[in-house]
Amino acid sequence: MAAIIGEPLPEEARRDPAFVAEHRAAAADVAVLREQLAWLGEALAADAEAEAEGEEGRAAVARPEPPVHPVRPPRSGRRPALRFALGSLAGAAAFAMVAGFGWLVTHDSGTAGGASTASDAKSRPVRGADQGRPADPERELACSRLVVEGTVARVTPEKASSWQRVTLTVTRSYKPAHGPAEVGFLLDGGARPAPRAGQHVLVTVLAGGQDAHLWVVGDARVAVGRAWITESLPASRHLGCPSGDPSRAGR
Numbered sequence: 003m004a005a006i007i008g009e010p011l012p013e014e015a016r017r018d019p020a021f022v023a024e025h026r027a028a029a030a031d032v033a034v035l036r037e038q039l040a041w042l043g044e045a046l047a048a049d050a051e052a053e054a055e056g057e058e059g060r061a062a063v064a065r066p067e068p069p070v071h072p073v074r075p076p077r078s079g080r081r082p083a084l085r086f087a088l089g090s091l092a093g094a095a096a097f098a099m100v101a102g103f104g105w106l107v108t109h110d111s112g113t114a115g116g117a118s119t120a121s122d123a124k125s126r127p128v129r130g131a132d133q134g135r136p137a138d139p140e141r142e143l144a145c146s147r148l149v150v151e152g153t154v155a156r157v158t159p160e161k162a163s164s165w166q167r168v169t170l171t172v173t174r175s176y177k178p179a180h181g182p183a184e185v186g187f188l189l190d191g192g193a194r195p196a197p198r199a200g201q202h203v204l205v206t207v208l209a210g211g212q213d214a215h216l217w218v219v220g221d222a223r224v225a226v227g228r229a230w231i232t233e234s235l236p237a238s239r240h241l242g243c244p245s246g247d248p249s250r251a252g253r
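FYI, in our numbering the residues of the sequence shown are 3 to 253.
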């Protein structure tokens, strides 16, 4: 919503480079949409004014006796063309608005909450390598918005909470297939092993969330996780996520 009302992003959101880039793109789309809607309003107003003047002119030259119904002159080719152009612009503006709001709804739920993000994450327990392969790995991946492997770049404690923000340099992005080079997410302070720079990790983040749902550390454990992810990922693309709490998927 910050892209529409022009408010600055909260501090937590500015730490996520991928979100910042997408927010800038959305803000640019909103600016273009505003310009198009302003032009649309001006063009419609001018068209309505021209039509009103034409009606007044025809009424002035009509003979009072006997009643005459003046024949409406054919419209020039300009107005149908103008209406077609305005209709096309209105359709494009509507499409841009729908797409923009879709982006905002998706990202507001995960990041724009700002200070409430860490508290919302408390209801989603983090899974570790010791829990092994999920009972339904395809559904687990279908309910995840982020599945990546990489190296921990930095760890920043969240203010007034036990949560930590982990920034990861991505070496393999499974979902999305072509993700950003660096991602950020929240990690419960009780997660083990504790995060530190240089660790090789495998992470999943559920749809609508900012906290790690799966936290796997170490080359051997990451290799085990990578095996079931690469095996289950193709089938997961044809599945939807059950309504309700996505964290229940795969259990």
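From the three backbone atoms N, C-alpha and C, an ideal C-beta is built for every residue, glycine too.
Would you be able to state if there are at least three C-beta pairs under 8 Å between the stretch 172-181 and the stretch 149-160? yes
Short of 8 Å in beta carbon distance, which residues of its chain neighbour G181, apart from the five on each side in sequence? Order them along the chain. A20, L148, V150, V172 and S175
In three-state terms, what does DSSP make of D221? helix
Alpha-carbon spacing of L189 relative to T158, whole angstroms: 10 Å
Quick check on V100: buried or exposed, where buried means 16 or more other Cβ atoms within 10 Å of its Cβ? Confidence at V100 is low in this model, with a pLDDT of 39, below 50, so the placement of that residue should be treated as unreliable; the coordinate-derived value is given next. Exposed, because fewer than 16 other Cβ atoms sit within 10 Å of the Cβ of V100.
Please report the Cβ distance between V207 and A214, rounded to the nearest whole angstrom; I am assuming they are in contact, meaning their Cβ atoms lie under 8 Å. 6 Å
Under a three-way DSSP split, which group does A29 fall into? helix
Starting from the C-beta of L204, find all residues in its chain whose C-beta is less than 6 Å away, skip the five residues before and the five after it, and write them out in chain order. E151, V218, V224 and G227
S167 versus E37 - alpha carbon distance: Rather than Ser, the amino acid found at residue 167 in this sequence is Arg. For R167 and E37, the distance between alpha carbons rounds to 38 Å.
Which residue comes first and which comes last in the alpha helix (DSSP H) that contains A144? P139 to A144
Leaving out five residues on either side along the sequence, give the residues of the same chain with a beta carbon under 7 Å from the beta carbon of P197. V154, V157, Q166, V168 and L189
Can you find the residues in the same chain that come closer than 7 Å, C-beta to C-beta, to L303, ignoring five residues on each side of it along the sequence? Absent from the model: residue 303. The displayed extent of the chain is 3 to 253, so no value can be given.
Any idea which residues DSSP pairs L188 with across the strands? R167 and D213
Rounded separation between G191 and C243 - CA only: 27 Å
Using 8 Å for Cβ pairs, my map puts S146 next to A209. What's the rounded Cβ distance? 7 Å
Since E160 and L170 are thought to touch, with beta carbons under 8 Å apart, how far apart are those beta carbons, to the nearest angstrom? 16 Å between Cβ atoms; not a contact.
Own chain partners of A237 with C-beta closer than 7 Å, once the 5 adjacent residues on each side are dropped: E140
Which residues mark the beginning and the end of the beta strand (DSSP E) in which H202 is found? H202 to L208
S164 classed as buried or exposed, judged by whether at least 16 other C-beta atoms fall within 10 angstroms: exposed
How is L148 classed by DSSP in three states: helix, strand or coil? strand
DSSP three-state label for T232, please. helix
Tell me, please, which residues DSSP counts as bridged to R174. E151
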